[in-house]
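Here the protein sequences line up with chains A and B, keeping their order. In terms of the numbering used here, the first sequence opens at residue 115 and continues consecutively. In terms of the numbering used here, the second sequence opens at residue 115 and continues consecutively. We put the beta carbon where it would ideally sit given N, CA and C, even for glycine. Predicted model only: the values in this text are computed from it and were never measured.
2 protein chains.
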Amino acid sequence: MPHRPSTTPRPPHTTWKHALWVGVMIVSAQSARTQVFVNNLMPQPSSLTPGSGSLALTSTFAVQIAGSSAENDTRLRSAIERATRRIEMATGLPHAGTGVTPTTPLHLHVDRPGEEVQTIDEDETYTLKITPTGIDIAAKTDVGAIHALETLIQLVQPGPQGYILPAVSIDDAPRFRWRGLMIDCARHFEPIPVIKRTLDGMAAVKLNVFHWHLTEDQGFRMQSLVFPKLTALGSDGLFYTQAEAREIVAYARDRGIRVVPEFEMPGHSTAWLMAYPELASGTTPTSIRREFGVSDYAIDPTRDETYTFIDRFLGEMATIFPDAYVHIGGDESPAPDWKKNPRILAFMRQHDLKNNDALQAYFNTRVLKTIARLHKHMVGWDEVLTPGLPKDVVIQSWRGGDALTKGAKLGYEGVLSAPYYLDGMKPAGVHYLADPLPSTADLTPDQRKLVLGGEVCMWAEHLSARTIDSRIWPRTAAIAERFWSPESVQDVDDMYRRLEPISIELETLGLTHLESGDAGLRELAATEDIEALRTIAAALEPVSFGERYHAQRTNQLTALDRVVDSVRPDPPSRHFIELRVKRFLTSPTTDTQDRTYLDAWFTSLTTAIPIVERQMHTSPRLADASTRVAQIPALAAVAHQSLTFLASGQHAPTGWKTAQLQKLAEAKKPSALVRFNFLEALNQLVAAVPD
Amino acid sequence: MPHRPSTTPRPPHTTWKHALWVGVMIVSAQSARTQVFVNNLMPQPSSLTPGSGSLALTSTFAVQIAGSSAENDTRLRSAIERATRRIEMATGLPHAGTGVTPTTPLHLHVDRPGEEVQTIDEDETYTLKITPTGIDIAAKTDVGAIHALETLIQLVQPGPQGYILPAVSIDDAPRFRWRGLMIDCARHFEPIPVIKRTLDGMAAVKLNVFHWHLTEDQGFRMQSLVFPKLTALGSDGLFYTQAEAREIVAYARDRGIRVVPEFEMPGHSTAWLMAYPELASGTTPTSIRREFGVSDYAIDPTRDETYTFIDRFLGEMATIFPDAYVHIGGDESPAPDWKKNPRILAFMRQHDLKNNDALQAYFNTRVLKTIARLHKHMVGWDEVLTPGLPKDVVIQSWRGGDALTKGAKLGYEGVLSAPYYLDGMKPAGVHYLADPLPSTADLTPDQRKLVLGGEVCMWAEHLSARTIDSRIWPRTAAIAERFWSPESVQDVDDMYRRLEPISIELETLGLTHLESGDAGLRELAATEDIEALRTIAAALEPVSFGERYHAQRTNQLTALDRVVDSVRPDPPSRHFIELRVKRFLTSPTTDTQDRTYLDAWFTSLTTAIPIVERQMHTSPRLADASTRVAQIPALAAVAHQSLTFLASGQHAPTGWKTAQLQKLAEAKKPSALVRFNFLEALNQLVAAVPD
């Protein structure tokens with residue numbers, strides 16, 4: 115795994131509570147009564163024109179398919195079936211069958227089914243028109259139609275007499291061709307059902323590349339029949355069979371998603387070398403590596419047997435993964451053996467390779483021959499970009515936009531990942547505003563075309579099947595919009611407004627991002643009675659990967675069962691509280707509603723403390739967070755005092771502000787693997803108090 | 115599916131809220147500090163002797179296996195691996211691996227691995243001894259050891275400095291040999307992951323028979339390669355492949371669980387007859403049956419071809435399901451064709467078969483020949499017990515204990531199911547007290563031996579993959595105790611005390627019974643902000659199968675997405691509130707703590723109403739429950755007034771009590787597919803007010 119981009123300390127934020135129901139719901143209720151079209155779509159389409167009236171959903175869909183693929187297009191038919199079922203469930207409509215006749219007209223026209231192996235050039239455009247009398251979808255291929263159906267689902271709205279589809283006309287196309295999510299299934303294994311529900315979520319937000327990180331120092335997760343020792347000795351028994359991988363490829367294709375597998379070489383290869391030590395550059399591992407971070411083991415790039423092995427292996431993998439791209443990793447390979455193995459040193463002299471970079475470039479060039487023989491393209495992390503690298507390599511940039519720009523200037527296609535590392539535990543709004551190709555980028559029109567898109571990265575040092583969803587979702591939905599929608603779609607507040615319904619939609623697909631936290635809290639507290647604990651947990655969020663790694667000295671054997679594993683990054687409340695504070699600060703002496711709300715919210719935290727402290731007595735794991743809980747009363751007092759000063763327009767006594775800011779600084783120090791998510795809002799309140 | 119046992123109206127009850135944290139947690143905290151052994155085991159073992167001190171869990175387990183199967187017993191080794199991981203996660207211990215040396219001694223002695231195909235006579239006994247220096251488990255077979263490991267997991271407790279295992283000596287054996295859970299996967303299909311997590315839950319509470327109801331009027335769920343049309347035409351594409359079924363059989367065996375498949379005949383067979391109409395008795399179906407209830411279609415028992423078909427089919431199934439028992443259903447087959455098809459009538463005359471019962475007995479006897487040829491035993495529902503039935507048939511009794519007793523007197527083995535129908539939505543305590551073989555039963559010792567045990571039944575008219583867990587768990591854990599533990603274990607209050615930690619344990623196994631309700635509420639309300647809705651939902655529970663069926667006229671195509679699908683039967687609060695009311699009524703004029711609590715609880719319901727009502731405006735499906743919500747203020751007033759009268763010792767005004775009881779009666783009337791679960795507690799309060 116690439117070393118992470120520098121983690122600029124992010125402002126923590128705060129959470130919501132019941133008082134905000136009132137405001138939100140009154141607005142929604144009015145909207146429903148007057149049946150105003152509410153645009154909840156994520157990603158936003160490139161063009162949307164509201165129509166007049168709406169289509170009442172009183173019966174399920176009478177589907178008509180036209181076009182060249184109407185008869186035997188099983189992919190399209192199953193996409194329609196899935197969409198229909200989801201709308202039926204969302205609206206309480208019975209499924210069509212004996213005694214139930216569908217009457218809502220749904221016409222689809224698809225020019226052609228799409229490529230057997232979806233390419234980067236797949237035409238994903240579609241149009242969707244809803245009138246009071248029916249629905250028309252038109253697309254060039256199935257993939258466009260699949261996107262249109264996801265849009266249709268998101269358009270379902272409550273009306274005064276049941277559910278409706280508002281009249282609307284949408285003309286949509288993606289901004290970028292490569293809209294990916296990478297999941298590291300190697301450091302910690304994720305079972306097939308997790309992958310499937312993730313693909314469902316990706317399809318819901320129109321992502322189209324599942325980048326499957328399958329090998330690491332900590333595990334080789336893909337079965338090879340040619341080299342069975344790879345999983346026999348390198349996986350702890352946790353790997354995907356070839357049948358399962360093929361099932362995932364088919365499942366993804368059904369949803370308009372390509373699968374790009376990644377097999378890390380020459381570094382991050384301890385698991386390969388456990389199985390086949392003869393491939394090593396000198397030092398050979400005696401066990402699967404449990405520690406995280408960069409390893410010294412490396413595949414030997416100087417022996418022909420290495421390339422024979424890789425050629426046979428990638429050849430076998432090509433029978434499972436039909437995509438035109440294969441990722442070879444290529445990052446973080448210090449390979450100290452290359453600097454001291456006499457045979458390797460002699461090889462470098464003989465081939466005029468000046469240093470490790472040059473040797474790795476040699477390695478990449480030889481592997482590229484295999485990949486070309488397989489009629490595929492190579493993808494690699496930033497490090498593969500060394501002088502002399504052939505141009506037919508896609509650079510995935512984890513180092514940042516500058517690295518991407520540099521690659522484009524050199525003529526390389528690129529995919530940006532640096533700003534989309536989910537394990538930084540940053541708010542969705544931060545990721546959202548990072549553009550893979552801002553209009554301000556210093557690139558020519560031709561160079562701009564080389565930026566294929568972006569990829570969200572989910573590294574797995576601290577992931578389990580229980581926590582993965584809350585780390586990926588719903589933040590990835592916001593990033594997916596960045597990859598799909600026009601650059602001009604940049605309203606963070608509106609993004610957060612739409613993130614909530616999308617989050618609920620993702621839950622209905624089986625994703626567990628909203629429920630897994632409560633499950634963890636129940637286990638920690640050993641009771642179902644977690645209201646108080648939930649109140650406090652909602653004011654906390656996980657620290658970044660790096661902070662946890664350094665604080666807990668985690669490795670692959672660490673039990674991921676602490677408080678940090680039951681709180682989630684960027685709960686919807688964080689942004690909502692920011693809005694409350696912002697509004698209050700515009701008229702602090704008259705805005706009693708927001709003041710009351712904020713006072714009540716901090717009071718709810720302190721009220722919960724005695725209950726949570728009692729639970730900590732009986733749960734050593736829960737007691738993790740005791741240092742944070744102990745900080746709450748002082749912080750709540752800061753809030754109450756700030757609100758009082760601001761509401762009365764009084765000046766604070768001399769020294770008060772300095773003392774409060776000191777308390778906030780104290781609360782920002784690392785502790786308990788979790789951080790408060792309301793400190794930035796609180797800081798704004800304190801800062802606004804007149805001296 | 116057998117027609118349900120008569121559903122005696124059950125007292126609804128009430129739920130808990132935060133106020134009760136205080137009492138519960140103080141007790142627990144004290145227990146932990148003084149390190150009193152807390153017996154949370156479910157099922158209770160037949161013998162348990164607390165020891166002195168405890169074993170501190172500071173490292174994972176150094177496992178030593180002795181006995182005849184030590185070397186190559188993969189089943190035992192994987193059971194140990196699973197148990198070890200679960201304890202590591204529950205206690206935060208790192209897994210053993212490079213740099214992590216396990217030191218907690220865990221010795222197992224297993225005489226033999228157990229039967230390749232687990233039989234009803236498997237020796238499931240075990241002993242478990244924990245001392246401050248280590249753990250010793252001894253069992254006759256793997257199955258006993260698997261049970262012992264589950265007990266070990268339940269013994270883990272918090273101590274003052276981390277987690278401990280209390281010193282204890284346990285000598286355990288099941289009361290009944292047949293401890294089953296039947297799941298109807300035919301009316302609604304359940305995916306394989308659901309089945310697997312259910313098997314995990316069964317193993318946790320030592321159930322040992324998974325009765326897999328695979329065929330119904332509404333679907334044929336088991337793939338046949340000999341008769342592929344069974345699923346091609348009878349399953350809507352939702353069925354288990356043979357590979358999947360074999361995987362389930364192996365998964366179950368790994369957990370000490372037998373799999374008994376059920377193929378319904380001659381009734382409940384619409385799906386068979388859709389595929390092979392030539393098997394019908396006259397009338398043939400034109401579609402899979404969507405309606406529930408008893409169907410008229412029946413397999414023709416008079417043609418030799420029928421038996422050839424069944425012989426080939428059951429022969430094929432025997433290659434997938436190795437268990438010695440196969441269930442042929444046999445219930446609810448009115449078969450009007452048998453009374454009017456001239457050919458069948460002629461056959462009956464010819465064979466001196468007086469009526470349908472006699473013809474079905476003839477059918478059963480012929481099918482029994484196939485089953486005997488396969489070296490298996492037949493199981494059937496009550497109806498198969500007709501005069502002349504061979505004795506080698508096990509009768510599963512859905513009609514009640516009397517039917518079971520009658521069978522035993524006639525010499526038939528039996529399994530009781532009548533009191534364990536989960537879709538009656540009864541409290542766990544009711545099921546718990548129903549004994550399959552009470553000491554008062556009018557049976558001789560030899561006849562008593564014929565009662566093999568009991569089976570919980572989960573019928574699927576109103577089940578989905580999302581709701582199934584909350585319908586099965588945790589109530590089934592209480593019933594599992596009834597099947598395993600001595601008859602004398604009957605303390606309902608103590609059962610409920612232990613049910614909560616077991617419920618949390620089941621959640622850690624991946625069961626979704628605690629989280630699925632919230633997920634449903636979020637979807638209904640289209641927001642994450644469900645505190646108010648959760649408060650009201652906790653005061654509601656689903657009506658019984660029958661009530662919903664009649665009120666909603668459900669069939670297989672009905673969307674199961676209403677409020678009723680997001681509330682659960684018998685939440686832990688119900689019993690807790692009963693205890694509160696009971697305690698308050700013993701000293702109403704002095705017990706201010708319980709009075710305050712109960713007052714606050716009813717107030718929390720009324721406070722939630724405005725928020726929930728606003729959400730109902732924007733959610734037509736949520737509005738289902740509006741009639742119930744509208745009843746709450748009056749009921750809360752009843753509670754407040756009752757508490758006031760009781761606390762003051764005052765008499766109520768003339769007519770007051772009658773008026774209140776009238777309100778309660780009104781609230782008991784069917785509405786919204788849900789019922790209040792606090793009415794019985796409220797009724798007790800009103801009744802106690804002096805006139």
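Practice item. Enumerate in chain order the residues of its own chain whose CB-to-CB distance from V800/A is below 8 Å, with the five nearest sequence positions on each side excluded. Key: Within the same chain, V800/A has close Cβ partners V752, S756, K771, Q774, L775, L778.
**Study point:** Neighbourhood of L787/B by C-beta, 8 Å cutoff - its chain only, sequence neighbours within 5 removed
**Key:** The residues P656, V657, E661, R662, A665, Q666, R676, V677, V678, D738, in chain order, have a CB closer than 8 Å to that of L787/B in the same chain once the five nearest residues on each side in sequence are set aside.
**Study point:** Where S687/B falls: helix, strand or coil (DSSP)
**Key:** Correct three-state label for S687/B: helix.
Check your understanding: Run through DSSP, which three-state label would D286/A get?
Key -> In this structure, D286/A counts as strand in the three-state DSSP scheme.
Review point. For the putative contact between E527/B and V508/B, defined by C-beta atoms under 8 Å, what is the C-beta separation to the nearest angstrom?
Key: That belief holds up - the Cβ atoms of E527/B and V508/B are roughly 5 Å apart, short of 8 Å.
Review point. CA-CA distance, F659/A and A574/A?
Key: For the pair F659/A and A574/A, the Cα-to-Cα distance works out to about 9 Å.
**Study point:** Residue range of the beta strand (DSSP E) that includes F163/A
**Key:** Here residue 163/A is Thr; the residue named in the question, Phe, does not match the sequence. Boundaries of the beta strand (DSSP E) around T163/A: 161-170.
Point to revise | Of the residues D607/B, A318/B, D466/B, L760/B, the one placed nearest D705/B, counting alpha carbons only | key: The shortest Cα separation from D705/B among D607/B, A318/B, D466/B, L760/B belongs to L760/B.
Point to revise | Ordered list of alpha helix (DSSP H) runs contained in the stretch 213-239 of chain B, each at least 4 residues | key: DSSP runs (the alpha helix (DSSP H)) wholly in the stretch 213-239 of chain B: none.
Check your understanding: Using the C-alpha atoms, what's the distance from S173/A back to T558/A?
Key -> Roughly 52 Å between the two C-alpha positions.
Check your understanding: Between A652/A, A781/A, Q356/A, G407/A, which lies nearest to H382/A when the distance is taken from Cα to Cα?
Key -> Among A652/A, A781/A, Q356/A, G407/A, the Cα nearest to that of H382/A belongs to G407/A.
Review point. Based on Cα-Cα distance, which residue from A366/B, D298/B, V340/B, L712/B lies nearest to G333/B?
Key: Of all alpha-carbon atoms in A366/B, D298/B, V340/B, L712/B, the one lying nearest the alpha-carbon of G333/B is that of D298/B.
Exercise for review: State yes or no: is the beta carbon of A633/B nearer than 9 Å to at least one beta carbon in chain A?
Suggested key: Interface residue, yes.
Exercise for review: Starting from G248/A, follow the beta strand (DSSP E) in both directions and report where the run begins and ends.
Suggested key: Going by DSSP, G248/A is part of the beta strand (DSSP E) stretching over 248-255.
Practice item. If I'm right that Q268/A touches N154/A with Cβ under 8 Å, what's the distance once you round it to whole angstroms? Key: Confirmed, about 6 Å.
Check your understanding: Counting along the chain, where does the beta strand (DSSP E) carrying P272/A start and finish?
Key -> For P272/A, the uninterrupted beta strand (DSSP E) run begins and ends at 271-273, by DSSP.
Practice item. List the endpoints of the continuous alpha helix (DSSP H) containing D713/A. Key: Start and end: 706-731.
**Study point:** Buried/exposed call for P724/B, threshold 16 Cβ in 10 Å
**Key:** P724/B should be labelled exposed.
Practice item. Give the C-beta separation of G258/A and L169/A to the nearest angstrom, bearing in mind that I take them to be a contact with Cβ-Cβ under 8 Å. Key: The Cβ separation is near 21 Å, so there is no contact.
Check your understanding: Start and end of the beta strand (DSSP E) containing H491/A?
Key -> Where H491/A is concerned, the enclosing beta strand (DSSP E) stretches over 491-495.
Check your understanding: When the cut-off is 9 Å and only beta carbons count, does R404/A lie next to chain B?
Key -> The C-beta of R404/A comes closer than 9 Å to at least one C-beta of chain B.
Check your understanding: Considering only residues of the same chain and omitting the five flanking positions on each side of H716/B, which have a CB-CB separation below 6 Å?
Key -> Note on residue identity: the sequence assigns Phe, not His, to residue 716/B. If we look at F716/B and ignore the five residues flanking it on each side, its Cβ neighbours are A750, A753.
Check your understanding: How about T239/B and D286/B: do their beta carbons lie closer than 9 Å?
Key -> Here T239/B is near D286/B, since their CB atoms are less than 9 Å apart.
Review point. In the DSSP assignment, what residue or residues form a beta bridge with Q178/B?
Key: According to DSSP, which records beta bridges pairwise, Q178/B is partnered with H221/B.
Check your understanding: Quick one: what's got a C-beta closer than 7 Å to T741/A's C-beta in the same chain, skipping five residues either side?
Key -> The residues are S785, A786.
**Study point:** Rounded C-alpha distance that separates A317/B from Q464/B
**Key:** One Cα belongs to A317/B, the other to Q464/B, and the distance between them is close to 51 Å.
Practice item. State the DSSP-derived secondary structure class of W292/B, mapped to helix, strand or coil. Key: Of the three classes helix, strand and coil, the one that applies to W292/B here is strand, per DSSP.
Practice item. Determine the closest residue to S192/A out of I260/A, D235/A, E236/A, with distance taken between C-alpha atoms. Key: Checked all of I260/A, D235/A, E236/A; the closest Cα to S192/A is I260/A.
Check your understanding: Interface residues of chain B around I309/A at Cβ under 8 Å?
Key -> Listed along the chain, the chain B residues whose CB falls inside 8 Å of the CB of I309/A amount to none; the nearest CB is some 13 Å away.
Exercise for review: Check the DSSP bridge columns for C571/B and list the partner residues they point to.
Suggested key: Answer is M296/B, Y535/B.
Review point. Would you call the CB atoms of M296/B and I434/B closer than 9 Å?
Key: At a Cβ-Cβ threshold of 9 Å, M296/B and I434/B do not count as neighbours.
**Study point:** For M156/B, three-class secondary structure by DSSP
**Key:** Look at M156/B here: in three-state DSSP terms it is coil, with no helix or strand label.
**Study point:** M336/B (DSSP reduced to helix, strand or coil)
**Key:** M336/B falls in the strand class under three-state DSSP.
Review point. Residues of chain A with a CB under 7 Å from the CB of R735/B: which are they?
Key: For the C-beta of R735/B, the chain A residues within less than 7 Å are, from N- to C-terminus, G206.
Review point. What's the gap between the Cα of T732/B and the Cα of L482/B?
Key: L482/B has its alpha-carbon roughly 58 Å from the corresponding atom of T732/B.
Review point. Just how far apart, CA to CA, sit H325/A and A555/A?
Key: If I take the Cα positions, the gap works out to 26 Å.
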